[in-house]
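Just below is one structure, and these are the notes that go with it.
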Amino acid sequence: MLQKLAELDKRWIFLALAVVVILPLVFPLGLPVEPGQMSRKFYERIEALPEGSKVCMSFDYGPGTEIECQPMASAVLKHLFRRRCRVVCITLLPDGSMLARRTLEQAAAECKAVYGEDCVYLGYKNGGEAVLRNMGENILNVFSTDFYGKDLSSMPIMKDTVNWDSFALVIDWSVGRPGVADYVRIVGGQYHRPILAGTTAVTAPEAYPFVNAGQVEALLGGLRGGGEYEVLAGIKGGRACRGLEAQSTAHFFVAFLIILANVIYFADKRKKIGRGSGERRR
Amino acid sequence: MIIQFYIYPLDWLGELFNSFYNIVLTFAFVLGAISLFQVHGKKIIAQTSGWGYNLVLLVSLTVTLIFGLFVFPEKGQPVDAGTAFDWIFNNIFTPLCSTTYSLLAFYIASASFRAFRARSAQATVLLVTAFLVMLFRVPLGEYIWHSLPWVGQFDITAFIDDWIMGGFNAAGQRAIMLGASVGLVSISLKILLGIEVSYLGGND
Amino acid sequence: MMSRYSAKILLAVFAVLMFWIAAVSAQERDGGLNEPETGAARSGAQLRPGLAPGVSGGAGSPVVFAEAGESVCVGGLYERPGCRGYFSQTASARQLILKNSCLQSFDSKENRISGKIYIDGDDSRVIAYADYAVIKTSENITVRSLASLEKLWSLEDKSLAGALADPVFFYGGRMAVFFKGEDGGDKKYKAVCFKIDGGEIVWQSELDGEVLDVTPAGDSLFLTVRNGRERLAALKKSEAAVAAERELINLRASDGKILKRTELGGNSSVRFWDGKLAVCQDDPDSGDFLLNLYDMNFEVLYRKALLKMPVFMEVSPDSGALWIGIADFTDGKELTQISCFPCGQKDGFAEDNYFAYGHLEEAVFYESGVWCFVRGESKFATLYWFNNKNYDYLVDLKGPLENFTGEDFSAFMYGDRLSFVYRNEETGKLELGVFSVSTSELLTWNDDNYPSSRPLLGRNAEIFFTEKSVSALTGKENDRLRYLNTKGMGTWFDTEPLSGEIVGVRVRESGGPAEKAEWYALTDGGKIYRLDAQNGSILQTLQAGPLFDRSKLNNLLGVLFVTGSIGYFIWRARKGEKLFIRSIAGLGALDEAVGRATEMGRPIFYIPGLSDIDETQTMAGLSILGHVSKCTAEYDMPIVVPNCSSVVMVMAQDIVRQAYLQAGNPDSYESDNVCFLSSEQFGFAAGVCGMMVREKPAAVLYMGNFFAEALMLAETGNTAGAVQIAGTAAASQLPFFVAACDYTLMGEELYAASAYLSGEPLQIGSLKGQDAVKAAIMLLIAAGTLLTCFNCHWLDFIWKI
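Taken in sequence, the protein lines are chains A, B and C.
Positions in the first sequence are counted from 1; adding 233 to them yields the numbering used here.
Positions in the second sequence are counted from 1; adding 216 to them yields the numbering used here.
Positions in the third sequence are counted from 1; adding 76 to them yields the numbering used here.
What follows is the structure, given as structure tokens:
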């Protein structure tokens with residue numbers, strides 16, 4: 234039995250994982266999501282913004298990581314609109330440009346935010362760090378029109394929006410580069426703007442040193458961060474909360490696999506059962 | 217570029233060189249496209265095994281390019297909402313990327329089954345930490361933990377966030393970051409001074 | 077490539093240059109600066125009083141209370157949103173300029189920078205008063221000489237600990253500063269008065285709350301204080317349902333003694349007028365808006381209910397009359413009511429009331445009256461002149477102010493001219509009008525030559541504008557200064573383009589017409605230009621900002637330290653010294669991997685990461701590719717290099733081709749093996765996985781920057797049965813590579829790989845230099861941790877560099 238398990242074809246594992254992930258999506262478990270300290274800090278930071286504050290939001294994720302980053306971005310956008318803050322959106326990744334537009338349009342429609350007054354999407358600009366530096370001098374030097382080609386000088390939201398100093402807060406949704414490190418270096422380091430960030434679960438550990446050092450005020454990590462923020466923002470039936478149940482069962486399944494693998498390993502060690510895959514030097 | 221970083225009046229130099237870089241990069245895209253057509257075109261012409269997939273690639277590339285550059289809607293840009301390019305992006309490209317990204321979950325499961333063995337003390341510590349983070353940072357794990365008598369009072373999530381993620385993990389990340397940054401300065405210096413030339417393919 | 081001598085010389089020159097710049101720019105540092113404001117903040121009044129000729133329409137100059145016979149000057153800083161450069165207006169020939177936290181004193185008599193200091197921090201302000209420059213942070217005050225910026229004194233008294241609050245108030249050679257702090261959980265507030273020249277404390281006074289405004293009156297200072305005793309105001313008419321209660325305190329200016337107090341409502345505005353105190357406030361009891369006239373003992377002399385809270389309440393600088401402007405609605409139309417209380421009324425308090433239908437856009441005081449721009453419903457605006465002699469509907473400017481919008485509207489008085497700008501709703505263009513009081517002549521310009529910017533400065537018959545021009549070389553926008561002589565009915569006078577955006581213009585008075593004058597223009601590019609008024613040519617250019625970015629000094633020192641360390645060990649290696657480096661398992665296995673591939677007759681895959689050539693990890697990966705391709709070329713083995721970037725592909729092709737050429741197997745090189753797959757992350761990953769499954773490589777090397785696809789690639793390679801060696805500095809992907817690959821180079825090992833593989837002394841020396849730097853950092857961390865545990869702050873100076 235153990236030998237069969239040790240030689241188990243990977244595809245059985247894949248199938249079992251697929252079942253374990255699909256079931257909670259079809260039959261929701263209704264698990265409570267308790268917001269953690271970091272999500273609360275993120276939420277309270279936005280709650281502390283005065284009405285009418287201008288916030289810059291950067292969508293630096295692509296279609297692959299959309300599932301993790303989009304729910305938190307959407308939840309935070311809706312929160313900002315409800316706080317009557319004004320949001321200027323940009324993106325530094327070409328993949329992110331269409332996703333940012335869609336997220337902004339959906340959130341604005343739901344919260345009845347007026348484009349050009351409450352929000353604007355400036356689009357994608359190539360250059361990464363160079364874009365952030367040039368925006369510190371004058372945003373209009375970098376973006377002369379918005380994503381749709383409209384002149385920015387005619388928009389009320391862009392009045393008195395000159396450079397990073399015009400924003401009360403900067404929020405970055407990133408998965409690597411350009412990402413949190415660039416914002417910390419340029420926007421936080423040179424222009425002393427407060428930064429909030431949201432990343433995938435995989436890249437969140439890289440951002441923790443910035444959080445500990447106070448360079449990033451709060452961080453939302455992965456689907457969990459998105460789910461917690463949806464709960465805080467009062468968004469019912471959000472994608473992140475639904476996904477968290479599937480993530481929970483998947484995690485338990487992987488933990489089970491690890492335990493099983495170790496049982497096999499120790500049994501193998503005792504009984505000296507040869508395994509087909511062989512050992513490689515580590 | 218280094219000097220303009222420190223000297224105020226010269227910061228326009230940085231902007232200038234960045235513009236040069238962007239222009240060169242744009243031309244490089246053309247080179248990439250040519251390489252694609254060359255490689256896959258040869259396989260289609262020679263009808264090597266699987267040449268159908270090469271054809272699909274070239275057709276997809278061409279169709280997307282045409283829709284993205286040349287097919288204008290009545291009003292606006294080819295990439296606006298409701299255009300064919302937008303449809304391709306939302307209904308083909310995004311689901312494909314999400315699907316490929318989701319394959320990682322399956323790979324993690326098989327990698328865990330294969331690789332996470334308690335071979336040594338360090339590996340055991342790694343295992344235990346992985347269990348804690350995996351199980352108790354999800355709602356199901358938290359729910360189960362808080363249902364347990366006695367130990368359920370202890371806030372395991374805060375412990376994981378503060379000690380494991382904010383403590384051990386952050387320390388390790390910082391160490392790697394510091395080392396990599398110093399290495400980056402070193403290799404940059406070597407490249408600038410001409411000590412490191414192997415990336416150019418020659419010894420001179 | 078560079079010879080070893082030229083590399084040495086370049087390094088030496090660079091190091092000397094950096095040291096010199098650092099030494100030159102090492103200046104005494106002070107407080108910090110963010111958004112400076114003028115001396116005493118005003119509450120209530122929305123509109124500006126009249127401005128002195130030659131003074132630009134800035135953020136409003138404060139009126140500084142002075143004792144009789146005392147000479148003071150109006151100090152303040154002129155600011156434009158988003159700019160980091162400032163001019164100040166002072167009566168002396170000195171101006172304070174701020175650029176990127178470098179405060180400088182510019183002597184416009186001698187045309188030179190006479191003093192310079194660095195300020196950093198976000199919570200500071202600079203205020204010019206008399207011959208002093210006062211730099212205030214939330215915790216400290218420093219007073220410097222305006223001429224040389226030499227430090228005169230700073231606040232040392234620890235018993236005054238607590239946050240320094242706004243406003244700071246100047247009078248008679250003294251400075252009143254307000255503190256707020258905590259004492260055992262209770263909030264404490266204090267007013268302290270210092271002598272401006274020596275810092276000696278004249279008096280201290282405990283207060284009940286935070287000071288919101290200071291109004292000088294006679295020998296008293298009237299402080300509007302928020303005492304935090306909230307009361308629910310009546311909802312009848314009050315615009316604030318709940319108001320934190322305020323009180324008005326009469327504080328004797330000479331000794332700080334509190335003489336009297338009275339309660340104020342939620343919204344309040346206080347002015348000293350004709351020996352009395354005029355206070356507009358919400359009455360918390362009745363909910364009405366009230367105008368109360370008090371004597372110095374807070375006895376009510378006159379009380380009147382107002383329709384609404386006034387839009388402005390100001391004392392005319394010339395006539396001393398009290399003007400109050402109220403916006404109201406009647407019969408569904410907006411109504412502006414202007415009330416004027418003339419000075420010197422002995423019996424009672426009669427007022428003159430003037431009404432106009434429409435929205436009050438702007439009020440500009442002039443002599444004995446006030447100019448009011450009132451915008452009606454019908455897109456016309458009317459200019460009214462109200463004086464307290466008689467109501468004078470002086471000018472009906474229906475024609476020129478057609479399609480009037482309040483957008484971009486501004487007006488200011490200079491000399492005997494009233495200049496105003498508004499945007500024409502139909503054409504979208506800015507329109508300029510100049511009304512001459514002496515001749516009752518209205519001049520307007522709305523042709524295409526009109527620049528699309530607001531006036532910067534008005535002087536006599538001239539108005540100065542800026543106009544943008546784009547630099548052909550950098551594409552950057554620069555400003556030209558244009559000047560309109562209104563006497564000549566629209567003659568324009570251009571200057572050369574100046575570097576950056578003009579943030580301030582001053583005219584050096586010559587006592588004659590502008591043609592004989594000189595202009596000073598400060599740009600956000602950090603330069604002061606002295607321009608010839610005859611032809612606009614640049615007579616002199618001064619660098620107003622600092623040469624060196626002071627905030628990057630710590631960065632520079634770090635770079636110098638790392639560079640120095642690496643340079644030292646390279647020098648030692650050059651001398652022939654044998655330097656030891658430990659073995660790196662992953663790199664040792666490279667040859668093994670190539671050998672395995674040769675035996676099995678299967679290709680080697682080399683993936684240089686997903687980033688572009690600007691990423692140093694990619695450069696490191698390409699360096700290793702050079703070595704690996706040499707091995708494969710020697711064994712005549714195929715090497716497949718799929719790329720995510722076309723630039724990297726081109727370089728990789730060159731590297732591999734060279735390797736095969738040098739090994740004597742040029743025919744074995746196949747260019748199709750070094751190909752571009754896709755710049756899209758998962759497209760590339762899918763492509764590589766497909767290739768691995770089809771071609772079943774014997775060895776796969778991942779050297780570069782990877783993202784989420786790392787595990788996908790590694791697992792697929794494992795399934796294909798390949799030996800896998802990975803190297804990346806992307807910390808988030810290292811765990812996946814460690815789990816799935818046979819060998820992993822972590823972080824800097826990737827950068828060290830090239831040096832390790834080549835074995836050249838120069839390269840090995842650089843590795844040792846890296847290690848020395850790391851050792852120093854580790855020592856610093858350990859020392860800092862230990863010292864912090866024992867509450868020692870010996871190393872704190874490092875963080876303040």
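Just so it is clear, CB atoms sit at the ideal spot from N, CA and C, and this is done for glycine as well.
Under the three-state reduction of DSSP output, residue 745(C) falls in the coil class, being neither helix nor strand.
Of 235(C), 412(C), 335(C), the smallest CA-CA separation from residue 403(C) is found for 412(C). Straight-line measurement puts the Cα of residue 252(C) at about 5 Å from the Cα of residue 245(C).
Taken in chain order, the members of the region 429-449 of chain A whose beta-carbon sits within less than 7 Å of a beta-carbon on chain C are 435, 436, 438, 439.
Scanning chain B for C-beta atoms nearer than 8 Å to the C-beta of residue 291(C) yields nothing, as the closest lies near 42 Å away.
The bridge partners DSSP lists for residue 347(C) are 354(C). Shown here, residue 264(B) sits in coil according to DSSP, grouped into three states, outside any helix or strand. Sequence-distant Cβ neighbours of residue 753(C) in its own chain, meaning closer than 8 Å and more than five residues away, are 718, 719, 720, 759, 760, 763, 764.
Residues of the same chain with a CB within less than 6 Å of the CB of residue 279(A), apart from the 5 flanking positions on each side, are 312 in chain order. With a threshold of 8 Å between beta carbons, residue 273(A) makes no contact with chain B.
Among the CB atoms of chain C, none fall inside 8 Å of the CB of residue 275(B).
Listed by position along chain B, the residues whose Cβ is nearer than 7 Å to that of residue 396(A) form an empty set, because the closest Cβ is around 14 Å away. Interface residue (Cβ-Cβ distance to chain C less than 8 Å): residue 356(A) is not classified as such. Residue 227(C) is bridged by DSSP to 220(C). In the structure shown, residue 213(C) adopts coil according to DSSP, grouped into three states.
The alpha-carbon of residue 403(A) is positioned some 6 Å away from that of residue 427(A). Comparing alpha-carbon positions, the option among 381(A), 415(A), 421(A) lying closest to residue 397(A) turns out to be 421(A). Shown here, residue 412(C) sits in a strand according to DSSP, grouped into three states. The CB of residue 355(B) comes closer than 9 Å to the CB of 262, 264, 265, 266, 267, 457, 460, 474, 477, 478, 480, 481 in chain A, given here in chain order. Boundaries of the beta strand (DSSP E) harbouring residue 445(C): 445-451, taken from the DSSP string. When rounded, the separation of the alpha-carbon atoms in residue 340(C) and residue 353(C) is 13 Å.
For residue 378(A), the closest Cβ of chain B is not nearer than 8 Å. From the beta-carbon of residue 290(B), no residue of chain C is found nearer than 9 Å; the closest lies around 26 Å away. Taking 8 Å as the threshold, the shortest C-beta distance from residue 757(C) to chain A falls below it. Spanning the alpha carbons of residue 277(A) and residue 266(A) requires a straight line of approximately 18 Å. Listed along the chain, the chain C residues whose CB falls inside 7 Å of the CB of residue 323(B) are 787, 788, 791. Scanning 684(C), 202(C), 661(C) for the CA closest to the CA of residue 242(C) turns up 202(C). Bounds of the beta strand (DSSP E) holding residue 241(C) are 239-247.
At a cut-off of 8 Å between C-beta atoms, residue 851(C) does not count as an interface residue with respect to chain B. In terms of beta-carbon proximity, residue 248(B) stays away from the interface with chain A, with every pair separated by 8 Å or more. Close CB contacts of residue 302(C) within its chain, under the 7 Å cut and outside five residues either way in sequence, are with 285, 286, 288, 320, 322 (chain order). Contact note: residue 345(B) does not reach chain A at a C-beta cutoff of 8 Å; the least C-beta distance is about 12 Å.
Distances from the CA of residue 539(C) to each of 508(C), 325(C), 346(C) were compared; the closest alpha carbon is that of 508(C).
Of the residues assessed, residue 870(C) falls on the exposed side of the cut-off, its CB having fewer than 16 other CB atoms within 10 angstroms. One finds 324, 325, 328, 350 in chain B with Cβ atoms closer than 8 Å to the Cβ of residue 487(A), taken in chain order. In this structure, residue 676(C) sits away from residue 790(C), with a CB-CB distance that is not shorter than 8 Å.
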